[in-house]
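What follows is a single structure, written as structure tokens, with notes after it.
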Amino acid sequence: MSVVPMEATPGAATGLPAEHPRPDGVQVAAPLAPRARLLPALAAVYRAQLSRARVARMPLLFVATFQSVGIMILMRGVVDGGSEARAVVAGSSVLVVAFVALNLLAQYFGQLRAGGGLDHYATLPVSPSSVVLGAAGAYASFTVPGTVVTAAFGSVLFGLPLANLWILAAVIPLAGAALAGLGAALGLLAPRQELATLFGQLGMSAALLLGVLPAERMPEPIAWARDLLPSTYGVEAFARTFEKSPDWLAVALDLGVCAAVGVASLAVATWAYRRAAVR
Numbered sequence: 084m085s086v087v088p089m090e091a092t093p094g095a096a097t098g099l100p101a102e103h104p105r106p107d108g109v110q111v112a113a114p115l116a117p118r119a120r121l122l123p124a125l126a127a128v129y130r131a132q133l134s135r136a137r138v139a140r141m142p143l144l145f146v147a148t149f150q151s152v153g154i155m156i157l158m159r160g161v162v163d164g165g166s167e168a169r170a171v172v173a174g175s176s177v178l179v180v181a182f183v184a185l186n187l188l189a190q191y192f193g194q195l196r197a198g199g200g201l202d203h204y205a206t207l208p209v210s211p212s213s214v215v216l217g218a219a220g221a222y223a224s225f226t227v228p229g230t231v232v233t234a235a236f237g238s239v240l241f242g243l244p245l246a247n248l249w250i251l252a253a254v255i256p257l258a259g260a261a262l263a264g265l266g267a268a269l270g271l272l273a274p275r276q277e278l279a280t281l282f283g284q285l286g287m288s289a290a291l292l293l294g295v296l297p298a299e300r301m302p303e304p305i306a307w308a309r310d311l312l313p314s315t316y317g318v319e320a321f322a323r324t325f326e327k328s329p330d331w332l333a334v335a336l337d338l339g340v341c342a343a344v345g346v347a348s349l350a351v352a353t354w355a356y357r358r359a360a361v362r
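Take a look at the structure:
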């Protein structure tokens, strides 16, 4: 699919059908090109955003991975094993997703809105949902290498089994969708670019403090706040798989919550995109 700005099509600048002469000299209105379908448009935006993220965000992915690995090494001095070790490894792994999908995506959409980038997308024959889902999917996919490396390193560091790391194939996209939708919504709803950056940083800090620290050591009000964070359920699902006999029903329920929150947050982000694009 070729995504071409509407200005390149005759009549697109005015929104009226272009006129083409017939052989007899009579001017007739030519129909405008149809709007791109959702899946082809989504694929085009996804590929473009993934290519951009791979070039511009690779150093930041290294920082996110190094940060999570450093946290696990630090916690190794105070955590011996058991449920606390499982929580540290799972929380540090999902933190890589939060750093990229929530923090960086909030900054990206905040910058896009402040710099007039939404006007560019408005000239393309793609729907708002394609833009939001494509960008969110690209940023979530970008976290895969760092999350896998962090999970494997943490498992070896704390002596946890590696057999069920395949669950990351579900944790990364579902937790990534929930966090990416939240990050996109924060970036699009923030009145200024600086506030979008601030909101993204606060969201990542919440994922760090509430996701990495063991839940049983938190005061009751903090535990309630932890339950409101979308990444918590991805952390819980991943942490359960380190047990000798994982409760796969509980894992599926946690992933189901991630999926539901992801759908809701992406819907809010799409609404925020439409709202920001027409202002």
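In the numbering used here, the protein residues as written are 84 to 362. A virtual CB, placed ideally from N, CA and C, is assigned to each residue, including glycine.
Practice problem: Can you grab the Cα-Cα spacing for the pair Gly286 / Gln150, in whole Å? | Solution: 16 Å
Quiz prompt | Close-in-space but distant-in-sequence residues of the same chain around Thr315 (CB under 6 Å, 5 per side omitted) | solution = Listed in chain order, the non-local C-beta contacts of Thr315 below 6 Å within the same chain comprise Arg309, local neighbours out to five positions each way being set aside.
Quiz item: Would a C-beta distance cut-off of 9 Å place Tyr204 and Ala342 closer than the cut-off?
Solution: Taking 9 Å as the Cβ cut-off, Tyr204 and Ala342 do not qualify as a contacting pair.
Exercise. Indicate whether the contact test is met: 3 or more Cβ pairs, each with one atom in the stretch 267–280 and one in the stretch 289–309, closer than 8 Å.
Key: no
Quiz item: Measuring from the CB of Ser210, is there a heavy atom of the ligand MG at a distance below 8 Å?
Solution: The ligand content of the structure shown is nil, which means the ligand MG is not present either.
Quiz item: Is DSSP giving Pro313 helix, strand or coil here?
Solution: If DSSP states are grouped into helix, strand and coil, Pro313 belongs with coil.
Exercise. Return the chain-ordered list of same chain residues with a C-beta closer than 8 Å to the C-beta of Leu312, the five sequence neighbours on each side being excluded.
Key: For Leu312, the CB contacts under 8 Å within the same chain, skipping 5 residues up- and downstream, are Ala289, Ala290, Leu293, Gly294 in chain order.
Self-check item: Complete alpha helix (DSSP H) runs within the stretch 168–250 (minimum length 4 residues, chain order)
Solution: 188–197, 200–205, 211–224, 227–241
Quiz item: For Ile255, does the count of other Cβ atoms within 10 angstroms reach 16, so buried, or fall short, so exposed?
Solution: buried
Practice problem: Identify whether Phe321 lies in helix, strand or coil by the three-state DSSP scheme. | Solution: helix
Quiz item: Rounded to whole angstroms, how far is the Cβ of Phe321 from the Cβ of Val177, which I believe are closer than 8 Å?
Solution: Indeed, because the Cβ distance is near 7 Å, the residues count as touching under 8 Å.
Practice problem: To the nearest angstrom, report how far apart Val346 and Gly165 are at their CA atoms. | Solution: 33 Å
Quiz item: Are the stretch 323–330 and the stretch 155–173 touching, with three or more C-beta to C-beta distances below 8 Å?
Solution: yes
Practice problem: For Ala268, I'd like the list of residues in its chain whose CB is within less than 8 Å of its CB, leaving aside the five on either flank, ordered along the chain. | Solution: If you ignore the 5 residues before and after Ala268, its C-beta comes within less than 8 Å of the C-beta of Ser348, Val351, Ala352, Ala355, all in its own chain and listed in chain order.
Quiz item: Residues in its own chain within less than 8 Å of Leu364 by CB, not counting five upstream and five downstream?
Solution: Absent from the model: residue 364. The displayed extent of the chain is 84 to 362, so no value can be given.
Quiz item: Which value, in whole angstroms, describes the spacing of the CA atoms of Met158 and Val171?
Solution: 7 Å
Quiz item: Are Leu144 and Pro211 close, meaning C-beta to C-beta below 9 Å?
Solution: no
Quiz item: Expressed to the nearest angstrom, what Euclidean distance is found between the alpha-carbon atoms of Ala261 and Val179?
Solution: 14 Å
Exercise. Using 10 angstroms around the beta-carbon of Met155, count the other beta-carbons present and answer buried if the total reaches 16, otherwise exposed.
Key: buried
Quiz item: Are Val152 and Val232 close, meaning C-beta to C-beta below 9 Å?
Solution: yes
Self-check item: Three-state secondary structure (DSSP) of Leu296
Solution: coil
Quiz item: Which residues bound the alpha helix (DSSP H) around Ser348?
Solution: 331–360
Practice problem: Classify Ser328 as helix, strand or coil using the three-state DSSP reduction. | Solution: coil
Practice problem: Answer yes or no: does any C-beta atom of chain D fall closer than 9 Å to that of Asp337? | Solution: Included in the structure is just one protein chain, with no chain D present.
Exercise. Mind checking which residues open and close the alpha helix (DSSP H) that includes Ala147?
Key: 141–159
Practice problem: With DSSP as the reference, label Ala260 as helix, strand or coil. | Solution: Ala260: helix per DSSP, three-state reduction.
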